[in-house]
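1 is the number of the first residue of the sequence shown in UniProt numbering; add one for each residue after it.
Each residue gets a CB set at the ideal place from its N, CA and C atoms; glycine is no exception.
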Amino acid sequence: MKYGMNMLLWTSDVNEEHFPLLEQLKTIGYDGVELPIFDMDVARFEKVGKELSRLELGRTAVTICTDTENPISPDAAIRAAALARLKKAIDCCAAAGVSHLCGPIHSAIGSFSGQGATPDEWNWAKETLSKAADYAQQNNVTLVCEYLNRFECYFLTCAADDARFCREVNHPNLKMMYDTFHANIEEKDLAAAMKGCWDQVVHVHISENDRSTPGEGHVDFDTTFKMLKELKYDGWLMVEAFGLALPAIAAATKIWRRMFPDETYLATNALKFMKQGMA
């Protein structure tokens with residue numbers, strides 16, 4: 001088992017000024033971090049990767065798609081732009097030594113059509129992500145498709161749909177992740193949801209119902225940890241939490257009040273909680 005911390009708690013742009021923070025996370029006991037990839041600066045990610053290697057920290061990454069770079073757009077040019085964006089993100093992953101590129105890479109976040117996914121959108125996503133997975137394979141990166149709750153997207157909103165999508169694409173470099181925040185909203189039965197998708201899961205986000213310190217809210221972590229052990233999961237447990245440090249991220253994640261004493265408190269207690277849960 002590997003324990004990691006998503007850097008979005010502090011920044012959407014990890015760079016040299018955050019190197020002391022990376023060292024602090026190493027000291028706390030984390031095995032790695034998750035890097036936001038929004039600014040596609042390959043040279044900067046190469047520098048970050050070298051520092052992470054010096055600290056002997058593993059790394060995954062997270063990115064999103066936008067309305068102008070949407071894998072399920074009816075406009076072929078926008079789908080092509082989505083593929084280009086994903087390829088740029090993969091280039092950044094390769095530069096930083098990232099193993100997994102996670103996130104809602106299937107569709108534009110926060111964009112709604114007023115209905116559920118259509119057969120055309122399903123096929124467009126499969127086509128776009130198949131090509132992206134080919135490119136990821138060439139760069140030793142695994143794409144990790146994240147389903148979001150109904151308030152953040154409409155294309156993939158539950159574990160069963162995400163797993164079905166990945167099975168249909170049927171590519172070794174396209175898998176899915178399980179996120180406790182989204183599952184807490186969308187799944188009727190956590191144990192059944194986890195069992196039903198686990199052949200496709202390669203990454204897990206540990207996130208509380210209010211996006212603050214895991215273990216201090218009402219997510220059913222007892223069932224979550226029990227199933228992780230029963231299903232013999234042995235990948236990353238990556239803390240995903242958000243605060244008020246970044247106004248743009250706070251607005252996007254709908255964080256309007258401070259819900260933890262400070263970021264060090266959250267990181268320290270989250271790691272302790274995960275290790276206790278998996279003991």
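With contacts defined as CB atoms closer than 9 Å, G235 and L266 fail to qualify as a contacting pair. Of W122, A163, G32 and D220, the smallest CA-CA separation from W198 is found for A163. The way I'd put it, the segment 183-201 doesn't touch the segment 242-259; fewer than three beta-carbon pairs between them come closer than 8 Å. In summary, E69 is buried, with 16 or more beta-carbon neighbours lying within 10 Å of its beta-carbon over all protein chains present. In this structure, L101 and A136 form a Cβ contact; the two beta carbons are roughly 7 Å apart against a cut-off of 8 Å.
For E127, the closest C-alpha among the options V169, E16 and D220 is that of V169. When rounded, the separation of the alpha-carbon atoms in K272 and Y30 is 10 Å. About 13 Å separates the Cβ atoms of M1 and V239, ruling out a contact at the 8 Å cut-off. Between F181 and N149, the CB-CB gap stays under 9 Å.
The Cβ atoms of F38 and D13 lie closer than 9 Å to each other.
As the crow flies, the alpha-carbon of Y233 is around 15 Å from that of D222. V141 sits close to S99, with the two beta carbons spaced by under 9 Å.
Judged by DSSP in its simplified three-state form, R59 adopts strand. In this structure, DSSP gives P36 an extended state, which the three-state scheme calls strand.
When secondary structure is reduced to three states using DSSP, T66 falls in the strand class. Note on geometry: alpha-carbon atoms of L237 and K87 lie some 25 Å from one another. Between the alpha carbons of V201 and P172 lies a gap of roughly 12 Å.
Remark: C-beta atoms of V144 and M177 approach each other more closely than 9 Å.
In terms of CA proximity to K26, L55 leads the group G49, F45 and L55.
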